[in-house]
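Structure first, then comments.
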Amino acid sequence: MSETQRSTESRHDEYYEIRIKGHLDARWADWFEGMSLTREGDGTTVLYGPVADQAALHGMLRKTRDLGLALVSVIQKKKETNL
């Protein structure tokens, strides 16, 4: 497999779990297009989904900051097939 193929495939597998402090209402999903929004029992909200590249990730993190949302964690994950 060539380096170009590898980098293209890995871009498609860049899924992120972004955990926010507090429970966000479903209305917030529009602000994070393409991400699923799950309210957890521990009082956090998890945004999960594909992120095109590092620039898009930083844009999403900037958006959480601009909205005054407290960031708990950001974890890169593999695509979950059972969603």
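Sequence positions in the sequence shown follow UniProt numbering and run 1 to 83. Glycine residues also receive a C-beta, built at the ideal position from the N, C-alpha and C atoms.
Extent of the continuous beta strand (DSSP E) to which residue 92 belongs: Because the chain is modelled from 1 through 83, residue 92 falls outside the range shown and cannot be assessed.
Contact belief for isoleucine 18 with methionine 60 at Cβ below 8 Å, rounded distance in angstroms: Within the sequence shown, numbered from 1, the residue matching residue 18 stands at position 18. Within the sequence shown, numbered from 1, the residue matching residue 60 stands at position 60. The C-beta distance from isoleucine 18 to methionine 60 rounds to 7 Å, short enough to meet the 8 Å contact threshold.
Classify glutamate 3 as helix, strand or coil using the three-state DSSP reduction. Looking up residue 3 in the sequence shown gives position 3. Reliability fails at glutamate 3, whose pLDDT of 46 lies under 50, so the model's placement of it is uncertain and the value that follows must be treated cautiously. The answer is helix: DSSP assigns glutamate 3 an H, G or I state.
According to the Cβ coordinates, are glycine 34 and alanine 70 closer than 8 Å? For this step, residue 34 is matched to residue 34 along the sequence shown. For this step, residue 70 is matched to residue 70 along the sequence shown. For glycine 34 and alanine 70, no; Cβs fall outside 8 Å.
On the premise that tyrosine 16 lies in contact with glutamine 54, defined as a C-beta separation below 8 Å, what is that separation, rounded to the nearest angstrom? Counting from 1 along the sequence shown, the entry for residue 54 is found at position 54. Counting from 1 along the sequence shown, the entry for residue 16 is found at position 16. Glutamine 54 to tyrosine 16, Cβ: 11 Å. No contact.
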